[in-house]
Amino acid sequence: MKSTVEQLSATRVRISVEVPFEELKSDFDRAYKALAQQVRVPGFRPGKVPPRIIDARVGRSAVLEQVINDTVPGKYSEAVSEGDIKAIGQPEIEVTKIEDDHFGFTAAVDVRPEITLPEYASLEVSVEAEEATDEDVEEQLEELRKRFGTVVPVERGTEKGDLVTLDLAATVDGKPVEDATADGLSHEVGSGELIEGLDEAILGVEAGGTAEFPTKLLAGDFAGEDAVVAVTVTSVKTRELPEVDDDFASLASAFDTVEELRADLREKAEQSKKIQLTNSIRDKVLEKLLEVVDFEAPQKVVDEQVHEQLHSALHSLGGEEDTLNRLLEAQGKSREEFDTESREAAERAVRAQLLLDAIADADDITVGQQELFERIFSEAQRYGMEPQQFIQEIQKQPNGLATIFADARRTKALVEVIRAVVVKDQNGTELDVTEYFGAAGDDEDDALPTEGSDDAVGETGEVEETEADNK
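Numbering of the sequence shown is given in full-length UniProt numbering, commencing with residue 1 and proceeding in unit increments.
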């Protein structure tokens, strides 16, 4: 076998391969054996038909087709390996010639771009570092009071914060909309959790009262359509909140006094602020890296991820493009804007993955078995699953465990960069990032994602290495 590589762009190559049939004797033997089981020839038992008879009966071309189909994936992988090609995604393979003694094919495939990494210590980012305040503590305390409050009916018009039960019925052009009708809905007035315009319409309405309001439907067959919603308030209740005293502290927590409860809530608020700051540092450093490192994302990989995003969006809407377009219209967004945003998000995700992979390669970053398990445990918690159940689910997916491993490695790579970057708060004071990410060598923490993180590593799919069985 011989192969040559043609550079089509910074991120795509065409591999041309020629394979002499003399290298494929065992492949021809398997093909003839398989066809011998299928061909029925008088005088020969199944599986015993000789090759020359098979050639005469089904044609030499059928044998060649089977041999080529069986051998191309392996020969492609061999060419990738021999050429040290950093292929990603699925190749586009075309058989270009079949001669008496050999055949040839080409494979166009995306490759990892050459990435020149910066000096991490030369990078600087600024973040908003907020401290826990008395207001944060009082907010949590108020939520506790609501949780342990008593709900009682009231005979008056609704007020913000009341708990109401509603019957809703929508019409479009005077015709009832079946999937926009519901009875017995529970709702907190002022929460904005149901339909736009609802809270304003029912404010001041007593139990048994009705109201109407215009809105745009966001889902169903009439998504994006102007509708009129009739609402009936069937009950109005309010919360009677407990006094904040030592008795309440004992009821709502493991503490005996309000002072102890407040101290615990402050500690939780401080931890929450720390998590927010940790996420902000991660996101800002990744953004800085993407800003200063200039390289092109392989467009075929981006196209595949855009397609996956669209498929996912349509699947959630029953596969109807018209429904998606109406929903976008209701949000004040055109389909062109949606497509542009989808491509930008996919391109950013692909660039982030490739950049962090390059950093991990340059710094020889590895992920240990314990780190991988901790990553799996963290992801299982995120999806509300037991670790073993989560492992079973990801093993059903192509490259499931490999994706978890790659994400853990990228997280470690980003942490390594963060430790070297200059991070300052809004006042220009340099922060000690080891307080949030640990010191170098704290490997068991490095591979874990920060709770609530919104970084784009892997958010729209996975940049996959070309596997040996790609066709």
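Idealized CB from N, CA, C, for every residue including glycine.
| Asked | Found |
| --- | --- |
| ARG145 in three-state terms, based on DSSP | helix |
| Between the CA atoms of VAL350 and VAL302 - distance to the nearest angstrom | 7 angstroms |
| Rounded distance between the beta-carbons of VAL154 and VAL228, thought under 8 angstroms | Not really, about 28 angstroms apart at Cβ, beyond 8 angstroms. |
| Residues that PRO20 bridges to, as DSSP identifies them | HIS102 |
| Nearest residue (CA-CA) to VAL423, options VAL127, ARG266 and GLN331 | VAL127 |
| LEU123 - DSSP class collapsed to helix/strand/coil | coil |
| Length of the line joining the Cα atoms of VAL17 and ALA297 | 26 angstroms |
| ASN279 classed as buried or exposed, judged by whether at least 16 other C-beta atoms fall within 10 angstroms | buried |
| CA-to-CA distance, THR106 to ASP27, given in whole angstroms | 20 angstroms |
| Beta-carbon proximity of LEU163 to GLU193, cut-off 8 angstroms | no |
| Per-residue burial, SER342 [other beta carbons within 10 Å of its own, 16 or more giving buried] | buried |
| Sequence ranges, beta strand (DSSP E) only - wholly within the stretch 217-271, length at least 3 | 226-240 |
| Selection from VAL172, LEU141 and ALA230 that minimises the alpha carbon distance to ALA182 | ALA230 |
| Residue environment, LYS175, which counts as buried when at least 16 other CB atoms sit within 10 Å | exposed |
| CA-to-CA distance, GLU225 to LEU168, given in whole angstroms | 17 angstroms |
| DSSP state of LEU354 mapped onto helix, strand, coil | helix |
| Counted within 10 angstroms of its Cβ, other Cβ atoms place GLN309 as buried (16 or more) or exposed | buried |
| As assigned by DSSP and simplified to three states, the class of residue 473 | What is shown of the chain runs 1 to 471, which leaves residue 473 out entirely. |
| Straight-line Cα distance separating VAL415 from GLU138 | 34 angstroms |
| THR71 versus LEU35 - alpha carbon distance | 16 angstroms |
| Between the CA atoms of PRO242 and LEU141 - distance to the nearest angstrom | 11 angstroms |
| At least 3 beta-carbon pairs within less than 8 angstroms: the stretch 196-216 vs the stretch 250-265 | no |
| Test item: CB-CB of LEU372 and PHE405 under 8 angstroms | yes |
| Whole-Å CB distance - ALA352 paired with LEU290, under 8 angstroms assumed | 6 angstroms |
| Rounded straight-line distance, which links the Cα of ASP407 to that of GLY458 | The predicted model places GLY458 with a pLDDT of 43, which falls under 50 and marks its position as unreliable; any figure quoted below should be read in that light. Those two C-alpha atoms are separated by around 7 angstroms. |
| Segment contact flag, the stretch 239-256 with the stretch 108-115, C-beta cutoff 8 angstroms, min 3 pairs | no |
| Distance CB(VAL19)-CB(GLY83) smaller than 8 angstroms | no |
| Close Cβ partners of ASP454 (< 6 angstroms) along its chain, the five nearest in sequence each way excluded | Note that ASP454 has pLDDT 39, beneath the 50 cutoff, so the model's placement of it is unreliable and no number is given. |
| Start and end residues, beta strand (DSSP E) containing THR403 | Run containing THR403: none in the beta strand (DSSP E); it sits in the alpha helix (DSSP H), 400-420. |
| Identity of the residue in ALA313, LEU314, GLN388 and ARG282 nearest LYS412 by Cα | ARG282 |
| Close Cβ partners of LEU123 (< 6 angstroms) along its chain, the five nearest in sequence each way excluded | LYS288 and VAL421 |
| Segment limits, alpha helix (DSSP H) that includes THR323 | 321-330 |
| Inter-residue spacing [alpha-carbon to alpha-carbon] between VAL58 and GLU78 | 30 angstroms |
| When GLN37, HIS102, ALA346 and GLN90 are compared against LYS25, the one with the closest alpha-carbon | HIS102 |
| Helix, strand or coil at ILE376 [DSSP, three-state] | helix |
| Simplified DSSP state of VAL109, which is helix, strand or coil | strand |
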